[in-house]
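Student:
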Amino acid sequence: MPSKKALVRRPSPRLAEGLVTHIEREKVDHDLAVEQWEAYVETLRAHGWETMEVDPADDCPDSVFVEDTVVMYKNVALITRPGAESRRAETAGVEEAVARLGCSVNWVWEPGTLDGGDVLKIDDTIYVGRGGRTNAAGVQQLRAAFEPLGARVVAVPVSKVLHLKSAVTALPDGTVIGHIPKTDAPSLFPRFLPVPEESGAHVVLLGGGKVLMAASAPKTAELLADLGHEPVVVDIGEFEKLEGCVTCLSVRLRELYA
Ligand SMILES: NC(=O)NCCC[C@H](N)C(=O)O
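Residues 3 to 260, numbered by my numbering, are exactly what the sequence shown covers, in order.
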């Protein structure tokens with residue numbers, strides 16, 4: 003039976019100092035952020051995910067965005083080399099966590115940079131965004147790590163948002179969803195559904211037809227429900243102020259051998 007484990011990482015006390023690149027900085031309410039994070043984790047648990055906390059990285063303001071530090075394919079964990087230098091210290095704790103879980107561990111090396119938020123897996127196709135955080139060497143290293151295991155890596159440009167998954171994610175049936183003004187090349191995806199809100203483009207597949215999404219995208223939730231999906235809504239407003247979205251707060255591990 004597939005594993006339903008998910009890595010999460012408690013927000014740093016320095017969360018409010020997290021990076022912002024494409025939006026204006028807004029004051030983050032730390033206590034509210036912790037409450038929202040706890041509710042997010044509880045929602046994963048309520049849908050059958052065993053959440054495992056990576057040791058906190060209190061000196062790293064963006065460490066709660068754990069998705070950026072590791073990319074999983076089959077039993078292999080590719081530890082990233084984040085494009086933002088201030089985030090590089092986040093990977094050590096994640097490396098330890100995935101090794102403890104029995105993953106085979108691989109690394110992105112200099113000069114490569116890769117953020118997990120730039121990687122969208124749909125079955126054995128791995129889309130990787132080449133943008134502000136992931137460079138060509140990072141794309142090449144991702145290809146070298148996963149193509150021998152059966153993946154097909156497809157590189158796509160990202161210029162309007164932080165990460166590929168800030169622009170697009172995929173529904174359980176593989177349809178890619180995105181908000182057109184923020185998506186560079188929708189025609190690269192075989193099935194593409196435009197959604198009416200930027201944050202409506204972000205879903206985490208919880209299993210069955212359930213899709214976790216942000217409360218800031220009510221029109222998209224309605225659209226997806228109308229198409230027969232089951233939106234599960236969480237408020238992550240404090241993380242959205244730091245360009246975070248529902249995907250970046252966890253890493254789901256579906257093919258563990260341990
Ligand atoms: N995968 C993601 O969407 N990560 C969000 C990272 C936000 C963080 N403030 C950053 O700029 O790195």
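No residue lacks a Cβ here, since even glycine has one placed at the ideal position from N, Cα and C.
State the Cα-Cα distance for the pair Pro192 and Thr185, rounded to the nearest angstrom.
Tutor: Taking the sequence shown and counting its residues from 1, the one referred to as residue 192 is at position 190. Taking the sequence shown and counting its residues from 1, the one referred to as residue 185 is at position 183. Inter-residue distance for Pro192 and Thr185 is about 14 Å (C-alpha atoms, whole angstroms).
Student: On the CB-based measure, 16 or more other CB atoms within 10 Å of its CB, does Asp120 come out buried or exposed?
Tutor: Taking the sequence shown and counting its residues from 1, the one referred to as residue 120 is at position 118. Answer is buried; the Cβ neighbour count reaches 16.
Student: In whole angstroms, give me the CA-to-CA distance for Val163 and Pro13.
Tutor: As a working note, residue 163 is residue 161 in the sequence shown. As a working note, residue 13 is residue 11 in the sequence shown. Whole-angstrom Cα-Cα distance: 23 Å.
Student: Rounded to whole angstroms, what's the CA-CA distance from Lys221 to Arg16? Just pull it up for me.
Tutor: Walking along the sequence shown from the start, residue 221 turns up at place 219. Walking along the sequence shown from the start, residue 16 turns up at place 14. In a straight line, the C-alpha of Lys221 is about 33 Å away from that of Arg16.
Student: When a residue counts only if its C-beta is closer than 7 Å to some heavy atom of ligand 1, which residues count, in chain order?
Tutor: Gly20, Leu21, Val22, Thr23, Asp64, Phe67, Glu69, Asp70, Ala86, Arg89, Asp117, Gly118, Gly119, Leu164, His165, Lys167, Ser168, Leu244, Glu245, Gly246, Cys247, Thr249, Cys250
Student: Restricting to runs no shorter than 4 residues, where is the alpha helix (DSSP H) found entirely within the region 36-118?
Tutor: Runs found: 93-102.
Student: Expressed to the nearest angstrom, what Euclidean distance is found between the alpha-carbon atoms of Glu224 and Glu232?
Tutor: For the purposes of this step, residue 224 is taken as the residue at position 222 of the sequence shown. For the purposes of this step, residue 232 is taken as the residue at position 230 of the sequence shown. Taking the CA atoms as reference points, Glu224 sits about 10 Å from Glu232.
Student: Am I right that Cys69 and Ser252 are in contact with their C-beta atoms under 8 Å? What's the rounded C-beta distance?
Tutor: For the purposes of this step, residue 69 is taken as residue 67 along the sequence shown, with counting starting at 1. For the purposes of this step, residue 252 is taken as residue 250 along the sequence shown, with counting starting at 1. Note on identity: in this sequence residue 69 is Glu, with Cys being the wrong assignment. Contact between Glu69 and Ser252 holds: CB atoms are separated by about 7 Å, below the 8 Å threshold.
Student: Helix or strand or just coil, what does DSSP make of Leu21?
Tutor: Position 19 of the sequence shown holds residue 21. DSSP, reduced to helix, strand and coil, places Leu21 outside both helices and strands of the structure shown, so it counts as coil.
Student: Quickly, what does DSSP pair Leu207 with across the bridge? List them, please.
Tutor: Looking up residue 207 in the sequence shown gives position 205. Val213.
Student: Short of 7 Å in beta carbon distance, which residues of its chain neighbour Cys250, apart from the five on each side in sequence? Order them along the chain.
Tutor: For the purposes of this step, residue 250 is identified with residue 248 of the sequence shown, where counting begins at 1. For Cys250, the CB contacts under 7 Å within the same chain, skipping 5 residues up- and downstream, are Phe67, Glu69, Asp70, Gly119 in chain order.
Student: Indicate whether the contact test is met: 3 or more Cβ pairs, each with one atom in the region 234-246 and one in the region 198-217, closer than 8 Å.
Tutor: yes
Student: How many angstroms separate the CA atom of Val10 from the CA atom of Ile182?
Tutor: Numbered from 1 along the sequence shown, position 8 holds the residue referred to as residue 10. Numbered from 1 along the sequence shown, position 180 holds the residue referred to as residue 182. In this structure, the straight-line span from the alpha carbon of Val10 to that of Ile182 is close to 30 Å.
Student: I think Trp51 touches Ala8, with their Cβ atoms under 8 Å apart; what is that distance to the nearest whole Å?
Tutor: Here residue 51 refers to the residue found at position 49 when the sequence shown is read from its first residue. Here residue 8 refers to the residue found at position 6 when the sequence shown is read from its first residue. The pair is a contact, with the Cβ atoms about 5 Å apart (cut-off 8 Å).
Student: State the DSSP-derived secondary structure class of Arg145, mapped to helix, strand or coil.
Tutor: The residue given as residue 145 occupies position 143 in the sequence shown. Note: Arg145 maps to helix in three-state DSSP.
Student: Suppose the cutoff is 6 Å on Cβ atoms and the five residues either side in sequence are ignored; what does the same chain contact list for Gly152 look like?
Tutor: In the sequence shown, residue 152 corresponds to position 150, counting from 1. Correct list, in chain order: Asp126.
Student: Using only alpha-carbon positions, find the residue among Leu173, Glu200, Val178, Val206 that is nearest to Gly230.
Tutor: Looking up residue 230 in the sequence shown gives position 228. The option with the nearest alpha carbon to Gly230 is Leu173.
Student: Can you give, in chain order, each stretch of the alpha helix (DSSP H) that sits fully within the region 133-179 and has at least 4 residues?
Tutor: Restricted to the region 133-179, the alpha helix (DSSP H) segments that are unbroken, complete and at least 4 residues in length are 138-148, 166-169, listed in chain order.
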